[in-house]
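Following: one structure in structure tokens, then a few remarks.
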């Protein structure tokens, strides 16, 4: 139980375009979703925390206008990378709390901006 | 502020041997949770084991055990009887507070484990 489905798994887009990444909680209600970014061979860095029905909280140094996060329902949180540039190429992964102490992760999205 | 340190960027282990992956943490909270995750090349995060700060016994899950030394603030992962499929990145992570409500995970830098046949 407590599965988060993340789509797309891979996406290639052109510079200047926007890309939307979706994370859906399939069998539970995710009131909170954490969004992480991971560069190759590096660790996961928290970008932002989204809570259903309220504005996301961004970590220091993360551009709110570039990484738009929406959590409009208890089963869907989205990350939109706007006006993407090659330096935005990365692995993005979402995570939701589950079971009182643990976390469930999406399968991740590998974004390549060309 | 939290900090998680994994001092071994890469490690080799012979198949069927045991291996210890190091993790030290720093927090001013009394309540916290420690996690280990495995990340294969596919990118998925696979939960391995959890230790709560008030748990007196070291956590064990099959071939995985967590050597929790609270005074030293260390939470090393021990993998017994390594298998080729254990080759992956391993991340130590910490959550402040005694539950996950609104509390994110902070990750260490990771250790790449390579199992030799």
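Chains as they are written, first to last, in the working numbering: chain A, 537 to 650; chain B, 397 to 513.
For every residue, glycine included, the Cβ atom is placed at its ideal position computed from N, Cα and C.
For residue 629 (chain A), the chain B residues whose C-beta falls within less than 9 Å of its own C-beta are 439, 440 and 441, listed in chain order. When Cβ-Cβ separations below 9 Å define contact, residue 574 (chain A) makes contact with chain B. Per DSSP, reduced to three states, the secondary structure at residue 492 (chain B) is strand. With respect to chain A, the C-beta atom of residue 431 (chain B) has a partner C-beta closer than 9 Å. Apart from the 5 residues on each side of it in sequence, residue 537 (chain A) sits with its Cβ closer than 6 Å to the Cβ of 563 in its chain, given in chain order. Contact annotation, residue 427 (chain B) with residue 493 (chain B): C-beta distance approximately 6 Å; criterion of less than 8 Å satisfied. Taking all protein chains shown into account, residue 633 (chain A) has 16 or more neighbouring C-beta atoms within 10 Å of its C-beta and is therefore buried. Residue burial annotation: residue 572 (chain A) is buried, with at least 16 other C-beta atoms found within 10 angstroms of its C-beta.
Contact annotation for residue 544 (chain A) against chain B: no contact, minimum CB-CB distance about 13 Å [criterion: below 8 Å].
As the crow flies, the alpha-carbon of residue 481 (chain B) is around 8 Å from that of residue 511 (chain B). In the structure shown, residue 501 (chain B) falls within a coil segment according to DSSP collapsed to helix, strand and coil. In this structure, the straight-line span from the alpha carbon of residue 576 (chain A) to that of residue 544 (chain A) is close to 18 Å. With the criterion set as a beta carbon lying under 7 Å from some beta carbon of chain A, the members of the stretch 497 to 508 of chain B are 497, 498, 500, 501, 503, 504, 505 and 506, in sequence order. C-alpha of residue 607 (chain A) to C-alpha of residue 587 (chain A): approximately 6 Å in a straight line. Closer than 9 Å to the CB of residue 646 (chain A) there is at least one CB belonging to chain B. Residues of the stretch 553 to 575 of chain A that bring their beta carbon within less than 7 Å of a beta carbon in chain B comprise 568 and 570, in sequence order. In the three-state reduction of the DSSP assignment, residue 610 (chain A) falls in the coil class. Membership of residue 549 (chain A) in the beta strand (DSSP E) is indicated by the continuous run 546 to 549. Distances from the CA of residue 505 (chain B) to each of B:419, B:411, B:410 and B:449 were compared; the closest alpha carbon is that of B:419.
Put simply, the backbone Cα of residue 491 (chain B) is about 6 Å away from that of residue 499 (chain B).
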